Structure formats: C-alpha cells, structure tokens
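From first to last, the protein sequence lines are chains A and B.
Numbered as in my numbering, the first sequence ends at 130 without a single skipped number.
Numbered as in my numbering, the second sequence ends at 126 without a single skipped number.
A short worksheet on the structure shown next.
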Amino acid sequence: GAGVSQSPRYKVAKRGQDVALRCDPISGHVSLFWYQQALGQGPEFLTYFQNEAQLDKSGLPSDRFFAERPEGSVSTLKIQRTQQEDSAVYLCASSLETSGGRTGAQYFGPGTRLTVL
Amino acid sequence: DAKTTQPNSMESNEEEPVHLPCNHSTISGTDYIHWYRQLPSQGPEYVIHGLTSNVNNRMASLAIAEDRKSSTLILHRATLRDAAVYYCILRDRMNRDDKIIFGKGTRLHILP
Numbered sequence: 014g015a016g017v018s019q020s021p022r023y024k025v026a027k028r029g030q031d032v033a034l035r036c037d038p039i040s041g042h043v044s045l046f047w048y049q050q051a052l053g054q055g056p057e058f059l060t061y062f063q064n065e066a067q068l069d070k071s072g073l074p075s076d077r078f079f080a081e082r083p084e085g086s087v088s089t090l091k092i093q094r095t096q097q098e099d100s101a102v103y104l105c106a107s108s109l110e111t112s113g114g115r116t117g118a119q120y121f122g123p124g125t126r127l128t129v130l
Numbered sequence: 015d016a017k018t019t020q021p022n023s024m025e026s027n028e029e030e031p032v033h034l035p036c037n038h039s040t041i042s043g044t045d046y047i048h049w050y051r052q053l054p055s056q057g058p059e060y061v062i063h064g065l066t067s068n069v070n071n072r073m074a075s076l077a078i079a080e081d082r083k084s085s086t087l088i089l090h091r092a093t094l095r096d097a098a099v100y101y102c103i104l105r106d107r108m109n110r111d112d113k114i115i116f117g118k119g120t121r122l123h124i125l126p
C-alpha cells in the first residue's frame with residue numbers, strides 16, 4: 014500500500030525566500046509528526062498533530078517555522094525568510110495511534126532535502 | 015525519555031549474524047525499547063520493539079537483558095541491504111507526547 018509521501022524531494026531556496034513542504038500521510042493515520050535532520054545527525058522533533066489539532070510545537074526552532082494540517086490529513090510545513098541554518102532534511106511521519114498508544118510505530122516519508130543558499 | 019548509548023559504528027560480514035548493542039541504564043518501568051533504522055537517502059523505518067520479553071519478527075530479533083538496562087538487536091543473516099544507521103530508542107507509554115527522541119545511532123557497515 015501507499016506509504017507516507019513528501020514533496021518536493023529536493024528544494025533549493027535563496028536566503029530570505031519562503032518555502033512550503035508537503036506531507037501526505039498514510040490514509041487513516043491520526044497522528045502526524047515533522048522532524049528535522051541535519052547532516053550526520055539523528056532526526057529531531059519539530060511538531061506533532063493529532064488529526065487537525067497541533068498538540069505539540071515545542072521543537073519548532075523559531076517563529077519562522079509554521080505547520081498546519083487543516084483537514085486532518087495532508088500537512089504543510091512552512092518556513093518563512095529561510096536562513097542557511099535551515100538547510101536540512103525535513104521528515105514527515107504518521108502513525109495510527111492517538112496519544113494513548115505510545116508503543117505504535119511511526120511510518121516515515123523519504124524526506125525533503127532543503128538547501129538554502 | 016531516558017537516554018540510550020550505542021556504538022558509533024560497527025562492521026559485519028555479509029551473510030553473518032549481527033548483534034547491535036544498546037545500553038539504557040536509566041530505563042524506567044514504563045519505557046518500551048524501540049529500534050528504527052535509516053537506510054541511505056531514506057526516512058527511518060520501524061524495526062522492532064519490546065518491553066521485557068525477547069521479541070522476534072521478520073526483520074530482526076530483540077534480546078532484552080533481565081534487568082532491562084541493555085538490549086541487543088539481532089540481524090540473523092546480514093545482507094548488503096542492511097547497511098544503515100540503527101537507532102535504539104526508549105518510549106515511555108506514560109508520556110503525553112508521541113514524539114520520538116533519536117540519538118546518533120550506530121552506523122552498520124556490511125562487508126561483501
């Protein structure tokens with residue numbers, strides 16, 4: 014079956030540009046997560062949605078980062094006025110469980126590699 | 015979530031078993047032990063998880079020490095496709111958050 018898809022796979026932006034990264038989770042998955050992965054590091058949590066509600070955005074590095082999931086399915090991560098330090102792979106993951114099931118697997122997309130020049 | 019310690023890298027020969035260790039001496043009673051792996055240019059992939067008893071699935075086996083302060087992911091017969099970064103993660107079922115806290119993991123090299 015279809016897994017988590019992300020688009021675009023690669024994005025090059027000039028410093029100061031706004032970017033929007035899209036995530037299509039697995040159909041029916043309640044929870045959706047965004048992670049940021051710098052080169053050579055493990056992924057780091059950015060934000061978490063349960064259906065359309067953003068329950069945790071503690072990992073967003075600045076107010077230039079904004080995420081939404083208006084209908085509880087597709088999500089968009091927007092970065093305003095991109096900076097060079099925003100260059101990273103942005104990973105989206107989804108899972109079936111709500112916050113009551115912390116043993117459930119998260120299914121990750123291939124990521125979007127963002128390069129800010 | 016409690017912290018885990020893994021070797022930075024390991025090597026193994028193709029078609030031989032691989033034992034990937036993980037220490038988690040501060041594990042709590044409500045922490046589940048999860049393993050994910052990340053192949054080159056891909057997102058992380060769930061491998062296996064367990065609480066106290068050893069677990070087996072089609073991908074791997076998870077051996078958990080009796081005191082739960084360490085665990086070992088076992089790949090029974092490594093192939094070149096198993097070359098990846100393997101993350102050992104603790105997830106507390108009592109936490110409100112579902113987020114995964116990754117460390118740096120172990121980079122596994124498979125020698126042909």
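Just so it is clear, CB atoms sit at the ideal spot from N, CA and C, and this is done for glycine as well.
Model, not experiment: these values are computed from the prediction.
Using the rule of at least 16 other Cβ atoms within 10 Å of the residue's Cβ for burial, across every protein chain shown, is Asp45 (chain B) buried or exposed?
When all chains shown are included, Asp45 (chain B) counts as buried.
Asp81 (chain B) (DSSP reduced to helix, strand or coil)
Coil.
Backbone secondary structure at Leu94 (chain B) - three-state DSSP
In this structure, Leu94 (chain B) counts as helix in the three-state DSSP scheme.
Quick check on the DSSP output: the beta strand (DSSP E) that includes Gly32 (chain A) runs from which residue to which?
Correcting the residue identity first, residue 32 (chain A) is Val in this sequence and not Gly. Start and end: Val32 to Asp37.
Whole-angstrom distance between Lys27 (chain A) and Gly113 (chain A), CA atom to CA atom:
With a pLDDT of only 45 at Gly113 (chain A), under the threshold of 50, the placement of this residue in the model should not be trusted, and no figure is reported.
From Cys36 (chain A) to Thr125 (chain A), what does the alpha carbon distance come to, in whole angstroms?
Those two C-alpha atoms are separated by around 9 Å.
9 Å Cβ cutoff, Leu104 (chain A) in contact with chain B:
Judged by the 9 Å Cβ criterion, Leu104 (chain A) is in contact with chain B.
May I ask which residues mark the beginning and end of the beta strand (DSSP E) holding Lys91 (chain A)?
In the DSSP assignment, Lys91 (chain A) falls within the unbroken beta strand (DSSP E) covering Ser88 to Ile92.
Kindly indicate which residue of B:Ile88, B:Glu28, B:Asp112 and B:Arg121 has the alpha-carbon position closest to the one of Gly72 (chain A).
Taking the Cα of Gly72 (chain A) as reference, the smallest distance to any Cα among B:Ile88, B:Glu28, B:Asp112 and B:Arg121 is reached at B:Asp112.
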